[in-house]
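Colleague: One structure coming up, written as structure tokens, with questions to follow.
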Amino acid sequence: MPIRFACFVGLSLAVAGWFASQCTAQEFSEATQESEFADTTVPPEPGAADPWLEIGALRNRLDQLESANATRKAADATKKAVDAKKPTVKWSGELQADQYWFNQDEANKAQFGDVENGSDFRRARIAMFGDYGPSEYRLEMDFAQSGRPTFLDVWAGFKDIPGLGRIRVGHFFEPFSLERLTSNRFQTYMERSQVDQAFAPARNLGVGATNTVGEEEVGTWAIGLFNNNSNAYGDATGDRFAGVVTGRVTWLPWFNDRGDEFLHLGFASSYRHTGTGFVQFQAESEARLGANTPNVPFFINTGKIAARTYQLFGWEAALVKGPFSLQSEVTLTPVESTYDGGLLFYGWYVDASYFLTGEHRVYRKEFGVFDRVEPARPFLKFADTDGVEFGPGAWQVATRLSQVDLNSGAIQGGRQTDLTVGLNWYLDPYTRVYFNYVHAMIDQPVDGSSTCDSLAMRFSFDF
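Per the working numbering, the sequence shown runs over residues 50 to 512.
This is the structure:
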């Protein structure tokens with residue numbers, strides 16, 4: 050209709066102009082002093098176009114345009130119908146470039162050697178994901194980790210299943226720990242705490258289910274069966290059984306309408322067969338130089354403990370009240386050793402952070418984890434008019450205290466206490482600069498105490 054109307058108005062104006070050019074007023078008769086008009090028809094000038102022929106040509110052109118437009122719409126509808134029968138394909142990626150400086154006391158250097166300064170790509174990831182109706186999938190690789198590439202989330206499954214929610218089969222995180230399950234993109238610090246490193250299970254090959262609780266998603270549950278010894282490619286071999294059962298539940302006793310004030314509580318447990326006949330727990334300080342060799346050493350380490358089974362128990366809590374956030378977890382790890390009897394290792398951390406620019410940490414109810422921070426005024430963005438606009442971005446200060454104790458019975462793996470101080474500058478929702486200082490205090494039963502400090506910065510971008 051808009052095309053036909055515009056053509057009609059244009060043609061009307063053209064015809065009116067042609068008729069006006071063909072008519073002229075007769076001269077005023079001075080003899081009779083009376084006003085008189087003559088009905089005179091002026092023939093078309095030689096070579097002038099016939100307006101009716103022009104109108105006909107324009108109508109034919111209009112019909113051709115409308116026909117072409119209808120053909121295009123039909124082709125688009127056909128393409129959409131065909132695409133609807135195929136899985137969707139979306140892309141995601143992540144880049145993290147780090148720089149580290151280390152300072153050790155003499156005791157630490159004598160025991161662990163020189164920890165060298167360095168730079169690295171902590172993560173360089175590319176992922177493809179999508180769905181097909183209730184089916185969904187994700188294929189993600191990291192070219193900065195040891196496998197180069199290393200398999201990360203490589204799974205397929207179903208969603209929106211009545212009573213079960215989601216089911217996945219493949220290589221993905223076991224449902225254990227708020228810190229572990231929150232994506233590194235949305236972590237407050239450059240590295241997760243040493244508690245996560247020592248005890249929290251990583252990605253393994255398995256099958257799992259997860260769902261929310263209640264219409265307002267006031268909680269979640271998740272459970273899975275995994276192989277305990279999957280490598281960087283999700284592979285695992287061995288004649289001994291290495292099955293793992295891991296589960297997690299979360300609850301939101303308080304969550305306001307704006308989502309900027311809430312309390313999260315959670316508990317997770319895992320019963321694990323070693324498969325290899327031994328288990329080992331170890332931790333660096335809360336600093337890591339990617340997949341570099343040499344890297345930051347494991348300052349505490351149990352060595353290999355003969356055992357067929359062990360367990361993990363984890364308690365988690367997080368409070369967000371506007372720009373202020375408080376988060377903590379405790380992990381207990383009982384081990385029934387073949388030769389050393391019952392052993393118990395533990396770890397904990399407490400983390401506090403504050404947004405100087407007024408933002409808040411974002412919570413994702415669907416999985417009971419934290420999500421992406423949105424700066425109120427990005428550092429740089431395109432203006433509504435020409436040019437760009439500048440803003441402060443989002444600024445966050447944070448501090449974390451953590452401890453892991455690997456001393457139990459005959460096993461004296463050491464105790465480490467880390468103090469981490471962080472400053473984050475969120476330039477926009479996808480670009481961030483981190484600054485971290487870590488003071489690691491190591492206490493070894495045999496070799497005594499030592500310290501190692503690290504200063505680090507990171508530039509990160511993801512999409």
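Don't be surprised by glycine CBs; every beta carbon is placed ideally from N, CA and C.
Just the Cα atoms here: how many angstroms apart are Q243 and A432?
Modeller: Rounded to the nearest angstrom, the two C-alpha atoms are 43 Å apart.
Colleague: Hey, could you find the ends of the beta strand (DSSP E) D492 is sitting in?
Modeller: Note, D492: beta strand (DSSP E), T480 to Q493.
Colleague: Are at least three pairs of beta-carbons, each pair with one atom in the stretch 412 to 430 and one in the stretch 455 to 462, less than 8 Å apart?
Modeller: The answer is no - the stretch 455 to 462 does not touch the stretch 412 to 430, with fewer than three Cβ pairs under 8 Å.
Colleague: Quick check: what's the CA-CA separation for G315 versus C501?
Modeller: Roughly 33 Å between the two C-alpha positions.
Colleague: Can you name the start and end residues of the alpha helix (DSSP H) that N109 belongs to?
Modeller: Counting along the chain, the alpha helix (DSSP H) containing N109 begins and ends at P100 to D132.
Colleague: Below 8 Å on the Cβ atoms is my guess for T237 versus N473; work out the distance and round it to an integer in Å.
Modeller: T237 to N473, Cβ: 7 Å. Contact.
Colleague: Closer than 8 Å is the cut-off here; do at least three beta carbon pairs connect the stretch 241 to 259 with the stretch 380 to 396?
Modeller: Judged by Cβ distances under 8 Å, the stretch 241 to 259 makes contact with the stretch 380 to 396, as three or more pairs qualify.
Colleague: Output yes or no for whether 8 Å exceeds the beta carbon distance between E415 and T261.
Modeller: Yes.
Colleague: Give every residue of the same chain whose Cβ lies closer than 7 Å to the Cβ of F225, excluding the five residues on either side of it in the sequence, and list them in chain order.
Modeller: Once the five neighbours on either side are set aside, the close Cβ partners of F225 are A249, P250, T295, R297, A317, S319, L361 and G363.
Colleague: Taking all protein chains shown into account, decide if Q493 is buried (16 or more other Cβ within 10 angstroms of its Cβ) or exposed.
Modeller: It is buried - the Cβ of Q493 has at least 16 other Cβ atoms within 10 Å.
Colleague: Among the residues of its own chain, which have a CB less than 7 Å from the CB of L240, if the five just before and after it don't count?
Modeller: Per the sequence shown, residue 240 should be read as Glu rather than Leu. Cβ neighbours of E240 beyond the five flanking positions: E335, A336 and R337.
Colleague: Any contact between the stretch 138 to 149 and the stretch 157 to 170? By contact I mean 3 or more CB pairs, one from each, below 8 Å.
Modeller: At 8 Å Cβ cutoff, the stretches touch.
Colleague: Name the residue from T387, Y412 and V138 whose alpha carbon lies nearest to the alpha carbon of E185.
Modeller: Per the Cα distances, V138.
Colleague: Determine, using beta carbons only, whether Y479 and F510 come nearer to each other than 8 Å.
Modeller: Taking 8 Å as the Cβ cut-off, Y479 and F510 qualify as a contacting pair.
Colleague: Please report the residue range of the alpha helix (DSSP H) in which E228 lies.
Modeller: First-last of the alpha helix (DSSP H) with E228: L227 to L230.
Colleague: Does the stretch 277 to 297 come close enough to the stretch 392 to 401 that 3 or more CB-CB pairs lie under 8 Å?
Modeller: The stretch 392 to 401 vs the stretch 277 to 297: no contact.
Colleague: Tell whether a beta-carbon distance below 8 Å holds between A447 and S402.
Modeller: Cβ atoms of A447 and S402: closer than 8 Å.
Colleague: Hey, how far is the Cα of N157 from the Cα of V487?
Modeller: Spanning the two alpha carbons is a distance of roughly 15 Å.
Colleague: DSSP on E415, reduced to helix/strand/coil?
Modeller: Note: E415 maps to coil in three-state DSSP.
Colleague: May I have the straight-line CA-CA distance separating A106 from A119, to the nearest angstrom?
Modeller: A106 and A119: Cα-Cα distance of roughly 20 Å.
Colleague: If you follow the alpha helix (DSSP H) that Q246 is part of, which residue opens it and which one closes it?
Modeller: It spans Q243 to F248 - the alpha helix (DSSP H) in which Q246 sits, taken as one unbroken run.
Colleague: So within the stretch 170 to 240, which uninterrupted alpha helix (DSSP H) runs reach at least 4 residues, ignoring any that extend past its ends?
Modeller: The qualifying runs are 227 to 230.
Colleague: Cutting at 6 Å between CB atoms, please list the residues of its own chain near R252, excluding the five before and the five after it.
Modeller: Excluding sequence neighbours, R252 sits near H220, F221 and F222.
Colleague: Tell me, to the nearest whole angstrom, how far the beta carbon of I349 is from that of Q331; I am working on the premise that it is less than 8 Å.
Modeller: So it is a contact: roughly 6 Å between Cβ atoms.
Colleague: Counting along the chain, where does the alpha helix (DSSP H) carrying K158 start and finish?
Modeller: That run of the alpha helix (DSSP H) goes E155 to F161.
Colleague: Based on the DSSP output, what are the partners of S168 in its beta bridges?
Modeller: Partner(s): Q148.
Colleague: Leaving aside the five residues before and after A195 along the sequence, list all residues of the same chain whose C-beta is less than 8 Å from its C-beta, in chain order.
Modeller: The sequence given here places Ser at residue 195; Ala does not occur at that position. The residues are A281 and A340.
Colleague: Which ranges would you report for the beta strand (DSSP E) in the stretch 340 to 420 if only whole runs of at least 3 residues count?
Modeller: Listed in chain order, the complete beta strand (DSSP E) runs (minimum 3 residues) inside the stretch 340 to 420 are 354 to 370, 373 to 386, 390 to 404, 411 to 413 and 418 to 420.
Colleague: If we count the other Cβ atoms within 10 Å of its Cβ and call it buried at 16 or more, is A271 buried or exposed?
Modeller: When all chains shown are included, A271 counts as buried.
Colleague: Mark L254 as exposed unless 16 or more other C-beta atoms lie within 10 angstroms of its C-beta, in which case mark it buried.
Modeller: Buried: at least 16 other Cβ atoms inside 10 Å.
Colleague: Would you call F68 buried or exposed, if buried means 16 or more other Cβ atoms sit within 10 Å of its Cβ?
Modeller: Confidence at F68 is low in this model, with a pLDDT of 45, below 50, so its placement is unreliable and no value can be given for it.
Colleague: Just to confirm, are H313 and Y412 a CB contact at a threshold of 8 Å?
Modeller: For H313 and Y412, yes; Cβs fall inside 8 Å.
Colleague: What residue does the beta strand (DSSP E) around E423 start on, and which one ends it?
Modeller: Counting along the chain, E423 falls outside any beta strand (DSSP E), and DSSP gives it neither H nor E.
Colleague: I'd like the span of the beta strand (DSSP E) that includes R507, first residue to last.
Modeller: Start and end: G497 to D511.
Colleague: Sort I216, G326, G287 and G179 by Cα distance to Y388 and report the nearest one.
Modeller: Selected option, being the one with the closest Cα: G326.
Colleague: Enumerate in chain order the residues of its own chain whose CB-to-CB distance from S377 is below 6 Å, with the five nearest sequence positions on each side excluded.
Modeller: These residues qualify, in order along the chain: A366 and V399.
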